[in-house]
Amino acid sequence: MRLISTSRDSTEVFAFCEAWLDCLARHDFHAASDLIVRDGHHQWTPELIERLISNYGRTEALRSGRKCAVTPPDLANGVPSLSRLRVDDDDDVCTGEVHSRYPFAVYWFLDGPSQKGALGWLHLDYPLDGEWSDLSSIFDIVPRSDQYAFDLKRIEVM
23 MRLISTSRDS TEVFAFCEAW LDCLARHDFH AASDLIVRDG HHQWTPELIE RLISNYGRTE
83 ALRSGRKCAV TPPDLANGVP SLSRLRVDDD DDVCTGEVHS RYPFAVYWFL DGPSQKGALG
143 WLHLDYPLDG EWSDLSSIFD IVPRSDQYAF DLKRIEVM
């Protein structure tokens, strides 16, 4: 599993996003699943991750038979919407930061961990078939030893 320091440095979180998408763009779903916690709230298998990505967030195949594939972020066309990910300055629940170029955002709870132990969460949108899409993932950021790890919560169209 990919671990980051407890410094809450968004650079480390965004590097995880790029590593996650790199694995998926190479169709290496085993390597992607190795980046996330194994004992999280959901038991993600490489096969389930692949199925949800290729079927646009659904477990069953698309009616058209089309299979979606992750594109490296630098090769995706379109302008991702970053403004919808920003946290209001007056938000009293969390603080956050949005990546300067990609639809990745990290949020940290201001009043300690959630009921499930998450210290924050990560949102990322997927570049699919050469375009930025509305298929997204949420990862809880959870403590592991003296570091933080990523617990994949969902892959869905948002």
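Under my numbering, the first residue of the sequence shown carries the number 23, and numbering increases by one thereafter. Using N, Cα and C, we set each Cβ at its ideal position, and we do this for glycine too.
- Fewer than three pairs of CB atoms, one per stretch, sit closer than 8 angstroms, so the region 95 to 108 makes no contact with the region 72 to 83.
- If you compare the alpha carbons of 105, 178, 173, 169 with that of residue 29, the shortest gap goes to 169.
- Here residue 36 has 121, 126 as same chain residues with Cβ atoms under 7 angstroms from its own Cβ, once five neighbours each way along the sequence are excluded.
- Sixteen is the threshold: when 16 or more other Cβ atoms of the shown chains lie within 10 Å of the Cβ of residue 119, as they do, the residue is buried.
- Taking the Cα of residue 26 as reference, the smallest distance to any Cα among 166, 178, 104, 177 is reached at 166.
- The three-state reading of DSSP puts residue 75 in helix, counting H, G and I together.
- Measuring C-alpha to C-alpha distances from residue 107 to each of 32, 87, 146, 52 identifies 146 as the nearest.
- With a 10 Å radius around the Cβ and a threshold of 16 neighbouring Cβ atoms, residue 103 comes out exposed.
- Put simply, the backbone Cα of residue 68 is about 8 angstroms away from that of residue 50.
- With a cutoff of 8 angstroms on beta-carbon distance, residue 109 and residue 129 are scored as near each other.
- In this structure, the beta-carbon distance from residue 173 to residue 71 does not fall below 8 angstroms.
- In the three-state reduction of the DSSP assignment, residue 33 falls in the helix class, which pools H, G and I.
- Residue 53 is not a Cβ neighbour of residue 92, given a cutoff of 8 angstroms.
- DSSP places residue 171 in the uninterrupted beta strand (DSSP E) bounded by 169 to 179.
- Between residue 131 and the set 148, 162, 158, the nearest pair of CA atoms involves 162.
- Around the beta carbon of residue 175, 16 or more other beta carbons sit within 10 angstroms, so the residue counts as buried.
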